[in-house]
Amino acid sequence: MAEHVVAVYPGTFDPITLGHEDMIGRASQMFGQVIVGVATAHHKKTMFTLDERLAMVREVFSDVPNVSVASFEGLVRDFVAQQGAKVMVRGLRSGTDFDYEFQLAGMNKHLMPEAETVFLTPSAETMFISSTLVREIATLGGDEVRKFVSPTVLQQLLGKLKR
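Okay, structure coming up:
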């Protein structure tokens, strides 16, 4: 483990899924500190508020001492620099993800040459999970959604849909 290396794992986490949990958990074994950066997502209409998303991520990782959670707005580059991070962790589920993430990593390297982007691939059990699909399944009443999120997130999701 790179004990003194701070890594940022940015995303919207609307909601955090078992796929995200897999990535963050593995990153926490590789780096001394992992900061989960929850984006305000001004460009997206989210199901959960920023405070709800932050609370869910904090709850899921409450027992992992080297994982912390913070919100950010604006360029991820600025957030990475503010956190003193040298690594940004990104997940790759498919070739489509790779094309987008490769371009994003190149731009981020140009904007912050002192930081590296590290790509992790999800486990076979979580590689097809996305927050978008989880929200859609839950909204349409699919009980199977419980297979894709932790119990605490499931409660939040079901509670949100009852309102």
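Numbering (this note's numbering), first residue to last: 6 to 168. Glycine residues also receive a C-beta, built at the ideal position from the N, C-alpha and C atoms.
- Along the length of the region 17–69, whole beta strand (DSSP E) runs at least 3 residues long occupy 36–44, reported in chain order.
- Taken through DSSP and simplified to helix, strand or coil, P15 comes out as strand.
- Under DSSP, the beta-bridge partners assigned to S73 are I40.
- When secondary structure is reduced to three states using DSSP, F124 falls in the strand class.
- Just so you know, the alpha carbons of Y105 and A129 end up roughly 21 Å apart.
- With contact defined as three or more Cβ pairs closer than 8 Å, the region 72–90 and the region 31–49 are in contact.
- Spatial neighbours of F103 in its own chain (CB-CB distance under 7 Å, excluding positions within 5 residues in sequence) are listed in chain order as L97.
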